[in-house]
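Novice:
Chains as they are written, first to last, in our numbering: chain A, 1 to 118; chain B, 119 to 232.
(1) Return the residue from the list B:153, B:198, B:161 that minimises the CA-CA distance to residue 37 of chain A.
(2) Taking 8 Å as the threshold (C-beta atoms), are residue 50 of chain A and residue 31 of chain A in contact?
(3) Of all Cβ atoms in chain A, is any one closer than 8 Å to the Cβ of residue 208 of chain B?
(4) Less than 8 Å between the CB atoms is what I'm expecting for residue 113 of chain A and residue 25 of chain A, so what's the real figure, rounded?
(5) Does residue 187 of chain B get closer than 8 Å to chain A when you measure Cβ to Cβ?
(6) Select from A:10, A:34, A:27, A:88 the residue whose C-alpha is nearest the C-alpha of residue 77 of chain A.
(7) Tell me which same chain residues have a C-beta within less than 7 Å of the C-beta of residue 88 of chain A, skipping the five on either side of it?
(8) Counting only runs of 3+ residues fully inside the segment 171-218 of chain B, write out the beta strand (DSSP E) ranges in chain order.
(9) Among residues of its own chain, excluding the 5 on either side of residue 18 of chain A, which ones have a beta-carbon nearer than 8 Å to its beta-carbon?
(10) CA-CA distance, residue 169 of chain B and residue 156 of chain B?
(11) Could you round the C-beta distance between residue 207 of chain B and residue 180 of chain B to whole angstroms and report it? I think they count as a contact, below 8 Å.
(12) Considering Cα atoms alone, identify which of B:219, B:200, B:122 is closest to residue 119 of chain A.
(13) Residues bridged to residue 106 of chain A by DSSP?
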């Protein structure tokens, strides 16, 4: 099966500009996650979708970050305006998460988008 | 709150020698534990997971992990390291009581020298 797809792979912008990332999860995966991975750290969850609904966005800086998954399949993450500290790799992941035994499901990651804010 | 700790930022091992990458966890419910590997400029790749059952879990690329409930540990092991195993390794715990969120450790850089 095809893996999680993300684009673009790399992006360089100046601070205060806006940027958008796209993710297409594995077919049939109900849950989609966006993570931010700053150099030298583990991934930090930004937002989690179950189908087209937001399950958890407690760590999403909502004043500048937004995400949507309108049809319950692919998703976009936007930053507007970007700050220097947003430089990171943005990882998208998906899992099947059937209603029962969801804790058994493995999360599969895309290649990530590396963002550099100058 | 759920958390994992990877006490070593870096582990160095010679090719052919056994390797261990350490992970300890803290959970309020049942521990569901995962190991991922990340190669440069790549996303995280799933290695193995512990859900229930045998304490020794076997995974991809010859890796295995030992679940130890009394020590709250889930160390990653491999009997004979390869240079190609050099990468960043992340331990993660899943919180079934909180939307099945994953909590990742800070990562351990494994260097395997020829």
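We treat Cβ as the ideally placed atom computed from N, Cα and C, and that holds for glycine.
Bear in mind the structure is a predicted one, so any value in this text is a computation, not a measurement.
Specialist: Answer, in terms of the structure:
(1) Start at 1 with the first residue of the first chain, and residue 37 of chain A comes out as number 37. Residue 37 of chain A has its Cα closest to that of B:161, out of B:153, B:198, B:161.
(2) Within the first chain, the letter at position 31 stands for residue 31 of chain A. Within the first chain, the letter at position 50 stands for residue 50 of chain A. Yes, they are a contact pair.
(3) Along the second chain, one-based indexing puts residue 208 of chain B at 90. For residue 208 of chain B, the answer is yes, since a Cβ of chain A falls inside 8 Å of its Cβ.
(4) Here residue 113 of chain A is taken as the residue at index 113 of the first chain, counted from 1. Here residue 25 of chain A is taken as the residue at index 25 of the first chain, counted from 1. With 8 Å as the limit, residue 113 of chain A and residue 25 of chain A do not qualify as a contact, their Cβ atoms being about 15 Å apart.
(5) As a first step, residue 187 of chain B must be located in the second chain, where it is residue number 69. By this cut-off, residue 187 of chain B is not an interface position.
(6) Within the first chain, numbered from 1, the residue matching residue 77 of chain A stands at position 77. Comparing Cα positions, the closest option is A:34.
(7) Indexing the first chain from 1 puts residue 88 of chain A at position 88. Closer than 7 Å at Cβ, skipping near neighbours: 36, 37, 38, 115.
(8) 174-176, 182-186, 191-196, 205-213
(9) The count along the first chain starts at 1 and reaches residue 18 of chain A at position 18. Around residue 18 of chain A: 78, 79, 80, 81, 82.
(10) Here residue 169 of chain B corresponds to residue number 51 of the second chain, with the count starting at 1. Here residue 156 of chain B corresponds to residue number 38 of the second chain, with the count starting at 1. In a straight line, the C-alpha of residue 169 of chain B is about 22 Å away from that of residue 156 of chain B.
(11) Translated into positions along the second chain, residue 207 of chain B becomes position 89. Translated into positions along the second chain, residue 180 of chain B becomes position 62. So it is not a contact: roughly 14 Å between Cβ atoms.
(12) Residue numbering for chain A in the displayed model covers 1 to 118; residue 119 of chain A lies beyond these limits and cannot be assessed.
(13) The sequence position of residue 106 of chain A within the first chain is 106, counting from 1. Answer by DSSP bridge pairing: none, since residue 106 of chain A is not bridged.
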